[in-house]
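These notes are about the structure you will find just below.
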Amino acid sequence: MRHADQALLQAKRKGCSAYSLFKDLHYSKLNERHVPEQALRRALDHGELCLYYQPQIDLYNKSVLGAEALLRWNHPQKGLLSAAQVIPLAEETGLIDPIGRQVLHMACMQARLWNTPGSGQLFTVSVNVSAQQFLQADFTNQIENELALTGVSPAALKLEITESLLLPESNHIRRMLDHLKALGMQLAVDDFGTGYASLGYLRHFPLDWLKVDRGFVQDIASSPNDAAIVCAMIDLAHSLGMKVMVEGIENSTQLAFVQRRHSDAAQGYYIERPMAADALTRWLRAPTLPPFATDGKQAANHNVLLLEDDESQRQIMALWLREDNFQVLLAGNAQQAFSILAEQSVDVLVVDYALPDLDGIEFMRRVRAIYPGTVRLLISARTDHNALARAINEGGVFRFLPKPITQDQLSGAVRNAFQIHADAQPDPSSSSQRA
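So this is what it looks like as structure tokens:
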């Protein structure tokens, strides 16, 4: 009968007086969809679905604050499949509801184990909730039932919802979130910046956390646009009383950048990969955390960053500056320089115009946008007036130094740049007097 129904549907699509025969090709296409659905149902019934947990770190206390629960399918033929491979199929086949319930139950059970009486600091488990699951009529009842069934403290559970739910006219959503908040759990908006919600919408909802999507993080230290967006998210979220977690941290540069921009927390492969619950339990006994950036306010030395692609010239100029007691950081290309800027406190930059990966003026333009407090010097063998004008107008260059340059010229210019930087800093004594 199912085959006959398919043939009837094909005939109707062809138009009046048409007929259609069910063919093996039709069966093959149906089977392609039917087989994965059967496999997923089997996975649900036979315990093939499990959770991996990715640690999340507190950037202020420099400690582990919790972990995000991530769905995995232990497929008998294909091995371990990620949530990105499972969720679309679950939504397409209508299995997202039972899978979502199972994920919630497993996460609550594990959160209770990690938060037994006397275990010390609260360890929060974050659970992603799809829009389809959240909009179920009995969703809040599901949460209450799981809390009662597992005995987990609501404070140990953080629900992550998608920003597509956060529209200002969504009174029903707001009431649901108010109810969940009243239970004592934490609420987060996940992958913020990828949908249509604005930061202004956030004030309508009782949210505790904003998670910055990984798409803004990849080039955060070198892209003025991405840096500006992330910094704006952090500042505005804080002004609304929310904390910020940046996800997708994959290297020390990204971690240092978001730490210096006062993100509250972070997660990503650079911090730790997702792992099974028993592996995370062992890891938590002696967690290995990455090195954190030094607070720029506490940096004892005033650093000058020298960006010069020619190795011999770079070493000579560094020697000159160190002889005059400057603290010198060295970079041979723009990417190295961006990493240093993210990880170190830099007051003055000396940059060669001719760089292998980015011209000096474009580099200065980006630095001016991301690190406006730096004082920038450009050195070049070119005396092009147009280039000089661009350096000043676009890169905010304090001084242009022609090559060849002497030790006295370089040291004098850097010394003046540090004085300019010092003069631009607020006077702490005046602020204390006002207080």
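Numbering (my numbering), first residue to last: 24 to 458. Ideal Cβ positions, reconstructed from N, Cα and C, are used throughout, including at glycine. Being a predicted model, the structure only gives us computed values, none of them experimental.
Rounded to a whole number of angstroms, what is the C-alpha to C-alpha distance between residue i and residue j?
| i | j | result |
| --- | --- | --- |
| residue 175 | residue 395 | 47 Å |
| residue 200 | residue 128 | 19 Å |
| residue 387 | residue 399 | 7 Å |
| residue 454 | residue 423 | For residue 454, the pLDDT reaches just 45, beneath the cut-off of 50, and the residue's location in the model is therefore unreliable, although a value from the coordinates is still provided. One C-alpha to the other measures close to 35 Å. |
| residue 124 | residue 273 | 31 Å |
| residue 95 | residue 72 | 6 Å |
| residue 311 | residue 447 | 39 Å |
| residue 441 | residue 411 | 21 Å |
| residue 293 | residue 306 | 15 Å |
| residue 100 | residue 61 | 14 Å |
| residue 255 | residue 236 | 13 Å |
| residue 347 | residue 434 | 7 Å |
| residue 93 | residue 106 | 7 Å |
| residue 168 | residue 103 | 30 Å |
| residue 417 | residue 384 | 7 Å |
| residue 316 | residue 198 | 41 Å |
| residue 301 | residue 278 | 27 Å |
| residue 285 | residue 260 | 11 Å |
| residue 297 | residue 304 | 12 Å |
| residue 299 | residue 414 | 52 Å |
| residue 141 | residue 228 | 33 Å |
| residue 148 | residue 265 | 18 Å |
Please work out which residues of its chain come closer than 6 Å, Cβ to Cβ, to residue i, disregarding the five sequence neighbours upstream and downstream, and give them in chain order.
| i | result |
| --- | --- |
| residue 404 | 426 |
| residue 357 | 378, 380, 381 and 386 |
| residue 56 | Bear in mind that the predicted position of residue 56 carries a pLDDT of just 47, short of 50, making it unreliable; the figure below should be weighed with that in mind. Correct list: empty, nothing qualifies. |
| residue 439 | none |
| residue 131 | 169, 173 and 175 |
Identify which residue in the options has its Cα closest to the Cα of residue i.
| i | options | result |
| --- | --- | --- |
| residue 75 | 91, 60, 316 and 424 | 91 |
| residue 68 | 79, 95, 121 and 198 | 121 |
| residue 366 | 401, 168 and 314 | 314 |
| residue 351 | 203, 357 and 373 | 373 |
| residue 330 | 402, 271 and 293 | 402 |
| residue 16 | 223, 267, 86 and 184 | Outside the displayed range of the chain (24 to 458) lies residue 16, so it cannot be described from this structure. |
| residue 431 | 361, 414 and 339 | 339 |
| residue 436 | 224, 417, 81 and 343 | 343 |
| residue 64 | 114, 88 and 89 | 114 |
| residue 283 | 369, 170, 413 and 177 | 369 |
| residue 212 | 61, 150, 108 and 255 | 150 |
| residue 444 | 325, 207 and 109 | 325 |
| residue 206 | 194, 163 and 269 | 163 |
| residue 89 | 413, 253 and 138 | 138 |
| residue 389 | 375, 146, 361 and 79 | 361 |
| residue 275 | 341, 252 and 364 | 364 |
| residue 223 | 136, 97, 391 and 190 | 190 |
| residue 429 | 341, 409 and 397 | 341 |
In the DSSP assignment, the alpha helix (DSSP H) including residue i goes from what residue to what residue?
| i | result |
| --- | --- |
| residue 91 | From DSSP, residue 91 is part of no alpha helix (DSSP H) but of the beta strand (DSSP E) over 86 to 98. |
| residue 164 | 162 to 173 |
| residue 276 | 275 to 283 |
| residue 340 | 334 to 346 |
| residue 109 | 106 to 116 |
| residue 156 | 154 to 157 |
| residue 265 | No alpha helix (DSSP H) holds residue 265; DSSP gives it neither H nor E. |
| residue 200 | 194 to 206 |
| residue 244 | From DSSP, residue 244 is part of no alpha helix (DSSP H); its letter is neither H nor E. |
| residue 304 | 300 to 308 |
Beta-carbon within less than 7 Å of residue i's beta-carbon, same chain only, minus the 5 sequence neighbours each way: which residues are those?
| i | result |
| --- | --- |
| residue 188 | 154, 157 and 196 |
| residue 59 | 112 |
| residue 226 | 263 |
| residue 249 | 239, 242 and 243 |
Return the first residue and the last residue of the beta strand (DSSP E) that residue i is part of.
| i | result |
| --- | --- |
| residue 183 | 180 to 185 |
| residue 372 | 371 to 375 |
| residue 422 | 422 to 425 |
| residue 326 | 326 to 330 |
| residue 367 | Residue 367 -> no beta strand (DSSP E), and no H or E assigned at all. |
| residue 78 | 72 to 81 |
| residue 212 | 209 to 215 |
| residue 124 | First-last for residue 124: 119 to 137, but that is the alpha helix (DSSP H), not the beta strand (DSSP E). |
| residue 402 | 398 to 403 |
| residue 430 | Segment 430 to 447 is the alpha helix (DSSP H) holding residue 430; no beta strand (DSSP E) there. |
| residue 233 | 232 to 235 |
| residue 354 | 350 to 354 |
Near residue i, which residues of its chain fall below 8 Å by C-beta distance, leaving aside the five closest residues on each side in sequence?
| i | result |
| --- | --- |
| residue 159 | 120 and 165 |
| residue 406 | 425 |
| residue 337 | 329, 331, 353 and 355 |
If residue i sits next to residue j, beta carbons under 8 Å apart, how far is it from one beta carbon to the other, in whole angstroms?
| i | j | result |
| --- | --- | --- |
| residue 420 | residue 371 | With a Cβ gap of about 12 Å, residue 420 and residue 371 do not count as contacting. |
| residue 258 | residue 83 | Not really, about 16 Å apart at Cβ, beyond 8 Å. |
| residue 209 | residue 77 | Going by Cβ atoms, the distance from residue 209 to residue 77 rounds to 17 Å, so no, they are not a contact pair. |
| residue 233 | residue 267 | 5 Å |
| residue 172 | residue 203 | Actually they do not touch by this definition, with Cβ atoms about 17 Å apart. |
| residue 185 | residue 161 | No, residue 185 and residue 161 are not in contact; Cβ-Cβ is about 19 Å, not under 8 Å. |
| residue 179 | residue 134 | 5 Å |
| residue 393 | residue 247 | 6 Å |
Cβ of residue i less than 8 Å from any chain D Cβ?
| i | result |
| --- | --- |
| residue 115 | Among the chains in the structure shown there is no chain D, since it carries only a single protein chain. |
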